[in-house]
Every structure is written in C-alpha cells, then in structure tokens.
Amino acid sequence: MKASGLVERNTFVSGEISPELRERPDLAKHQTGLAACENFITLLEGGITRRPGTSFVIPHKAEDELCAFVPFRYSGADSYMLVFNGGVMRIVYNGGVVPSVADPYELEIPYLSDDLASLRYASYGNVIYLDCDGYPPMLLTRRAHLDWTISRYDPDGGPVADQNIDQSKTVQSSYVVGNVTLTANDARFRPEDVGLIWRLDESDLSMTPLWNANESVPINVIRRNAGNVYQALNAASAGINAPVHTEGDVSAGSDKVTWRYLHSGYGLVRITGYTSPTSVSATVLNYVPASVYNKPTFRWWRGAWNEIDGYPKIVRANNTRLLHIRNDELWLSQPQAFNSMQEMPGSDDSALHFAITSPDGASVEIVWAAFMGALVLGTRDGEWIVRGSNLTDPLTIDTVRPSPETAEGSAPHIPVITPEGVVFIGRSRRRLHLARLDKLGETLSLSELTKTARHILRGRARALAYQRDPHRVLWIGCEDGKLIAVTLLPSDEVVGWHRHPMRNGYVEALMSVPTSDEARSDVYLSVRRTINGRTRRYIERLADFFDPRDQDIPTAEGARFVDSAVAYSGVPAVSLLGLDHLEGQTVTVFADGAQQASRVVRAGGITLEREASDIVVGLPIVARARLLPQDLKTSAGSSRGQMKRSSHALVHVLNSAGGTVSCNDGEPEPIFETGSLDYGAPLSLFSGGKRVTMRAPIRPEATLELVCDNALPFTLLGLSPDLSVMED
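So the number in our numbering is just where the residue sits in the sequence shown, counting from 1, plus 327.
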C-alpha cells in the first residue's frame, strides 16, 4: 500500500450533479455533490434525509382520465386541494376527502379530461377564477365547507373587441330589458355567436335630454348626466344634486327626485339563440339604451372572448386587479373591481386592454404570468416586464410599458413563486430557470437551476409544486412520469437536485398547498399505477418529514417511508383491510415503530406477522446515495487513476436506523442492525458517528454507495471513506 487516509465528506448540499462534471474536482459543486441521489432529499444544512412516503387519499373519479389540481387558501385556517377529474370537482382538506372517502362531495364542472392540462386559476377571497383554453372564463365560489358553485364569469363592461365604424352596418334591439331579438341589416351573426356578449351603444344622444338643476321632473322621464342615463321614479324637483351614481336608486334630496341608474350610454346583451345571419335572440344583462330600441345603431361591439377569436387561457390576480391573457393580448380589470372590464378613456380607474409586440415583428404567445411588483410574462421566446412609468404608478393605456428582457423562452405550464423569484420551465422542458426582478422593477435577471444537473430533466418537466416548509423543496413532475426535486435557496448557494423513483408509480400531476396551521406545505400527487393488470390512478399526499416523537429518547415511531400507504391506529390488530388499491402488490409493513415481514395484498387486506396498534402499510421505497469517485491527496500528488479501495468508512447520522454502505459495488455492509432489543418495542434511533468495515474490490476509482431499502428513518450528515491507495 502506497498511502492511506480519511477523505472527509460532510456536505452533499448540491445533490446529484451531471455525469459531465465527474472529472471537475476543482468545482465547488463537485466537492458538495453526488453521483446519484435517489429518494433522499438534500437539506439546507448540507446533509440528506429520506423522502417521506405518500399516503393514499382516494382514487380518481374517472381512473382512465387525468386530473388537475387547484389549490385554494380560503383563510389561514382553511386550505383546500381541489381535484378536477371525471367531470366533477372533489375536495381534499387536511389530507382527507370532504366529507368522506365513501361519500365525497362533488360539483359538476364543464371541463373535459383532455383540456385539464390547460386549466389556470387565480383566487381572491372566497372566489377562484378559472381560465381554460377553449372555455369561457368561470367563477368557482366557496359559500361554505360543503357548498360550492361554478358559474360563468361575466364582467361588467365587456370585454369587447373594437367598435364597428362602418355606418352602413347596423343592429337594432327589440326592447331595452329582458329577452330580446337583435336584428342586423346584413349577414352579421354566426351560430358560434351563441353565448357571446355584444355591446350596443346609443345611436342618437339627442334622444335623451340633459339633466338640469331644479327642473320640475315628471315621473319616468329620462335624463343624462356625466355620461350616464337615469330614470325619474317620482314626479318632483330635480334639485341641485346631479345624479352621478352607477348602480341602483339615489334620491336628489328631501322631496326631490329619486333617480334610477339605467346605463352609461350602452347596453350589454348575451346572445342565447341563433335564428339567421340577420337575427338572434339575446338576454339583456343591464339595460339597452332606448335609442337602440327605437332605431338601429352602427355603434356596436362584438365581445372580445368567443369561440371564433378564442377565450382567455391564463388568469392571474394581485391585490388590486384581475388579469386575463389570450396569446399576445392582456386584459386587466378595473382597480379594486375584479368583476369590471369597463374601459374609461383618460381615467386611472379604467380597465385595460393591450397587446405585446415582438421587436422583430414575430408573433408572441404568452404562456405564463406572475405579479412580482411589476408584471412578469413568460412567452415561448422570452421573458417580459410590464409596468407603468415607474413601479408605483398605476397601469393605464398611456403609461403601460411592456418590454422584452431576456430570451430563454418557456413551455406552457404554471410557474411557482418562491422567496427568491419565479421558477419556470424552459422551452425545451429540459431546463429550469429562476427569474429575479430588481427592487425598482426595471431589470429581470435569469439563472439556470439545471446548469450543474443537465441530465436531471431528461424526462421533460411539465409541472411544478413548491414546498416552502420545512425544507424549501421544489417538486417537478416529468412527462415520463418521473418525480424530480430540488432543494432551493440560491441566496445561500443551495441548489441540490434529487430523483424520486417510485415502485410501480408514475406521477402525472402535482401541486402544493399550505396546511391549515401553516406549519408546512402539503404536496399532492396524481399517481398512475398498474394493479392486477389494470391501469389505476390515485390521489396521494406526501407524508410529513420524519421527526422523532421523543427528542430525548428517539425511536422510529411515526415513520412513514412507504408509498400509497394506508395507516391504522387503534386497538392491537393482526390484520388490516382497506388495501384494495394495492391488490396483488407486495407491501412493506411498518408496525409499532419496527418493520415486519413483507406481505402480498389479497382480497384487499393482509395478515401481520404479529399484532400491532400503530400500523403503516404501503409500497417499498429504496433510497440510494452514491458518492463521486474519491481522491486522496498525498505528498506525491493526487491518487487519481491509481488502484484504490476503502475498507472502512465513517458514517455520521442523525436519528437514523438501518441502511447499508458499500465501496466499488462490493458487498453491502449494514450500518445499523434493524432488530429491536425488546420484542414489540419501537426501534431506537442513533445519532453520531459509526465506523463501518467493508469488503471492497480494488479499482482505479473508489466510490461509496449508501442504500436504505427498509422503512426506517435515515439522515446522513457525513460519509467519509478511509481510502487506501495501492502500489503500482
């Protein structure tokens, strides 16, 4: 033997790095990275801990169809995960189905399964705004825990497309309220117009006299003031207080006229039936001006959102405005009025409609949006900032400034907001980026999070879920069903990648929501599994990260390191039912803080090796961490390329049990025995350093691998091989 020594490894904060970096020991990422990190999660402090398992929640309503998740925080005490599938919405609350798995609450929804991937949402108060490509915008309203409604979103004032300016093309209404007939003087209407909003402006302003102070007003007369039209509800003096309200009835004073607001120079109707190219039936949404009833008007506006031109595809909200997006067009509601798209030229309180145009004239397709002080947009070809004259100025048609900032481009998806910026999927779906906006809202900077792990998204990312607490983990679902994650705190140089393969499990959707106590974030998964030759889809929830119940005398009680798990707690039992979703599968049994023999699920149940009162049963999880090749620095230089092995390793752990370690793919050596000293007692956990002896083959590289193939807790803080370099 030429030389020997301990190679200390006490941080793995970079997680799994690209194979292309294995020969870059000069890089900090190489010194803190791993060759493989599977079902371990890198910790902010530098160690790695086992991924918790998943709990089975409920099968899909339609197991042959995909689902969509919509997270909803009604208040700090009420956080929901809404599951859209099979033509209905179901509710998950604190990990359980509302009101029960046997009888879940269901609300019919209009979306087909193939369209759910395009569903976007924004919530405010007790309302969720829903946009989906090919569907009119919808409102989902929570009235009570078990009382929800879904309806069409019909904002006041439109939105409408450009006004017709051809005076030879007119439309007339058969009445001013209720159900009416619209008649055009040429082929104007289409069958696709059914459901569309039309705006009809006054054809002749002179038909409505202006309001005059102290005028003696007969009952039911019509007057105009400040662009609005009012009807007198009684015969009296007009007084000196002009009507300015825009809804309801307001009195001009004692013994004076009470004015009813009718309209602001236009009326909105929704087309309900197609008769011919010149005639349709419609329902008046507010009030059609009398002049449009008495004579045709050329001042008409077709609704901006329709089946021909398309409906909004993206909806977002901040604390003042609601945003809808269709391709390159944006609509912002009036400030503090999510239900108004009323445009008022010259007013800062106007709704806003504008489009962004590429500097080179190419078409622009916006695929995501995020409010980060300024409005940040992700398009197929780059990233934009939309702001006013400065960060605090309101957005108006005169001040709005859309500007392209960077040119990475995005795939369609829902980005996530983290404390450090917005994370989004790149156009190829093989890259992940972090976008940061400077404090003035003027400059957008990007960093590629996959730079040192370019292999990690080979399965093409399609969905993101950010679990802020407890470990700041961003979960990524890929098109091939693989589950990937990254521990993310770039300000502290923490970008640690890890992969999470599942036994017979393919993740098709995922989303996170803070728990009702706000102590952590719950991650929900839609998982496809093959059970008894049949494709099944389940809603599952990532279990809580393990924390010993007794910090002074830690045991494995409460561990949840199996997938699609069912748990039981009660009087001692020797059998467990409720496992129909795992029929025919070999499952791991963890009972009373110790592992029992595996079982095969038959007739929806299993018989335990011995009775227990705290039981968790699910599919096994294998966690694996492989170090990069280790090198020993000696007075003669590096040992790279020389024959070497490690016969001993110092393993530092926290609250751990089980696990094996091997060198150069030699025989795995147990780190801790897994049998309890007391029959039926929970397994004690160990913290500290443990020296393990290994039988390892001699090779040009020395590589250690840690494996946990049981259901026990394991947190690795350091893995330091005692390296022996052989004579040539």
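Beta carbons are placed, not taken as given, at the ideal position from N, Cα and C, and that holds for glycine.
Beta strand (DSSP E) segment containing residue i, residue limits
| i | result |
| --- | --- |
| V384 | 381-386 |
| P1048 | 1042-1052 |
| Q669 | Unbroken run through Q669: none, as it is neither H nor E. |
| C1035 | 1031-1035 |
| W525 | 524-528 |
| I477 | 474-479 |
| R447 | 447-451 |
| Q499 | 498-500 |
| V408 | Checking the sequence shown, residue 408 turns out to be Met, not Val. Element bounds for M408: 405-412. |
| C990 | 987-990 |
| M838 | 833-841 |
| P464 | 462-471 |
| E910 | Neither: E910 is in no beta strand (DSSP E) and is coded neither H nor E. |
| C805 | 800-805 |
| P729 | 728-733 |
| Q794 | 788-794 |
| S1011 | First-last for S1011: undefined, no H or E at that position. |
| W658 | 656-659 |
| F367 | 367-369 |
Residue i, enclosing alpha helix (DSSP H) - first and last residue
| i | result |
| --- | --- |
| A355 | 355-358 |
| V949 | Looking at the DSSP string, V949 is not in any alpha helix (DSSP H), and its letter there is neither H nor E. |
| S618 | 617-621 |
Proximity of residue i and residue j at Cβ, strictly below 8 Å
| i | j | result |
| --- | --- | --- |
| D460 | S445 | yes |
| V556 | T535 | yes |
| V504 | V611 | yes |
| R953 | A363 | yes |
| C394 | S853 | yes |
| P616 | H590 | yes |
| L627 | V507 | Correcting the residue type first, residue 627 is Trp in the shown sequence and not Leu. No; because the gap between Cβ atoms is not below 8 Å, this pair is not in contact. |
| L946 | V889 | yes |
| T842 | S406 | yes |
| G905 | G885 | no |
| N453 | L1044 | no |
| P817 | L761 | yes |
| L1050 | S331 | yes |
| I436 | G422 | no |
Neighbourhood of residue i by C-beta distance below 7 Å, restricted to the same chain and skipping five residues each side
| i | result |
| --- | --- |
| S345 | T779, A780, R781, H782 |
| T369 | F339, V340, G342, I375, T814, G823, H825 |
| D907 | G931 |
| F625 | N491, D493, Q494, K496, T497 |
| R855 | G808, Y833, E835, T862, R864 |
Residues that residue i bridges to, as DSSP identifies them
| i | result |
| --- | --- |
| Q923 | V916 |
| G423 | Y420 |
| N645 | Answer is none; N645 lacks a bridge partner. |
| G630 | V487 |
| M699 | A701 |
| T510 | Q499, S606 |
| G342 | G360, W824 |
| N552 | N555 |
Residues near residue i in its chain [Cβ-Cβ closer than 8 Å; skip 5 each side]
| i | result |
| --- | --- |
| P721 | P662, D675, G715 |
| R479 | P463, P464, M465, L466 |
| N541 | S564, A565, G566, I567 |
| E938 | P899, A900, V901 |
| I933 | S902, L903, L906, V914, V916, R926, V927, V944 |
Neighbourhood of residue i by C-beta distance below 6 Å, restricted to the same chain and skipping five residues each side
| i | result |
| --- | --- |
| L1004 | Low confidence applies to L1004: its pLDDT is 49, below 50, so where it sits in the model is not reliable, and the reading given next is rough at best. Once the five neighbours on either side are set aside, L1004 has no close Cβ partner at all. |
| R826 | E365, I811 |
| A449 | Y456, V642, R643, A644 |
| L473 | Y432 |
| A631 | P486, V487, A488 |
| A792 | W802, L837, M838, S839, V850 |
| V397 | L409, Y448 |
| E347 | none |
| A514 | P604 |
| E656 | A682 |
Residue i beta carbon near the ligand FAD (any heavy atom closer than 7 Å)
| i | result |
| --- | --- |
| S406 | Questions concerning the ligand FAD fall outside what the structure shown contains, since it holds no ligand whatsoever. |
Residue-chain proximity (residue i, chain B), Cβ-Cβ < 8 Å
| i | result |
| --- | --- |
| P881 | In the structure shown, chain B does not exist; there is a single protein chain. |
*Do the region 975-985 and the region 1034-1041 touch if we need at least three Cβ pairs shorter than 8 Å?*
yes
*Given 8 Å as the limit, is there contact between the region 753-772 and the region 678-686, that is, 3 or more CB pairs closer than that?*
no
*asked:* Counting beta carbon pairs with one atom in the region 484-492 and one in the region 655-674, are three or more of them shorter than 8 Å?
replied: yes
*Counting Cβ pairs closer than 8 Å, one from the region 860-870 and one from the region 1016-1028, do we hit at least three?*
no
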